[in-house]
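Everything below concerns the one structure shown next.
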Amino acid sequence: MHDQLIDLLITGTIDTLVMVGVSAFFALLIGLPMAVILVNTSEHGIYPSKTINQALGWVVNITRSIPFLILMVALIPLTRFIVGTSYGVWAAVVPLTLAATPFFARIAEVSLREVDHGLIEAAQAMGCNRKQIIWHVLLPEALPGIVAGFTVTLVTMINSSAIAGAIGAGGLGDIAYRYGYQRFDMQIMLAVILVLVVLVMLVQATGDALSAQLDKRKI
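For what it's worth, our numbering labels the leading residue of the sequence shown as 926, then goes sequentially.
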């Protein structure tokens, strides 16, 4: 029984890491450009466009307002179209990505808005074009906050992956539901909780350390 539990936890942890890892990659790839667009198309941005800013803002706000469980069920047809199935680890990547992307975009937007506007004005005075300002001023200055925000996003995604697992996506949530809840096995439930806590603590500690290191470089 002990060996079986360890095997289950190892398998579930790997599945959870795959779910979260792939989803986080796409959330970063899509969410960060969304944040950059939101900041730079605002009224005081370097690419002011009320139409683009409001349209993208609506998309982000609407997506963020949908609870993850409802979003996951609503996206079943799209998930089946993209990955060919609505069950399993890869099926969870689609809703996890769509839930995490606007969440991270808003957090990254806050970090980008906190960049001292005087630095942007100084860069403009030196003759930097708008793309150079984004790449060499905005993003480097906001990087510690972006890393901290991405860490928060990862922690949220780990929690969401447990919910996804409970309705057929695999991972630690699936183990907790099928082997723990349905069989009234408190040992498995507690073991899954412990693994999730360790994962969250490792992610948070790593993200905090990296963010602090980047802050020291900036200073």
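Glycine is no exception: its CB is placed at the ideal position from the N, C-alpha and C atoms.
- Residue G1095 holds the alpha-carbon nearest to the alpha-carbon of D940 among H969, G1095, L1121 and N978.
- Taken through DSSP and simplified to helix, strand or coil, P992 comes out as coil.
- In this structure G1052 is exposed. Its beta-carbon is surrounded by fewer than 16 other beta-carbon atoms within 10 angstroms.
- DSSP places P958 in the helix class (H, G or I) of the three-state scheme.
- In the three-state scheme derived from DSSP, where H, G and I count as helix and E and B as strand, D1133 is classed as helix.
- Residue nearest to A1073 within the set T1010, G1090, A1033 and L1097 is A1033 (criterion: CA-CA distance).
- When C-alpha distances from G1132 are compared across D1110, R1103 and T1078, the shortest belongs to T1078.
- Of the candidates D1140, P973 and Y1102, P973 places its Cα closest to the Cα of I962.
- In the structure shown, L1044 adopts helical secondary structure according to DSSP, grouped into three states.
- Proximity of the region 990 to 997 to the region 1015 to 1033 meets the contact definition, three or more beta-carbon pairs being nearer than 8 Å.
- Pairing L933 with I1100 gives a Cβ-Cβ distance under 8 Å.
- Between the C-alpha atoms of V984 and G946 there is a straight-line separation of about 24 Å.
- A Cβ-Cβ contact shorter than 8 Å links P1069 with S1136.
- Shown here, S1085 sits in a helix according to DSSP, grouped into three states.
- Under the criterion of beta carbons closer than 8 Å, Q1129 and T1076 qualify as touching, at roughly 6 Å.
- T988 and L1000 have their C-alpha atoms roughly 12 Å apart.
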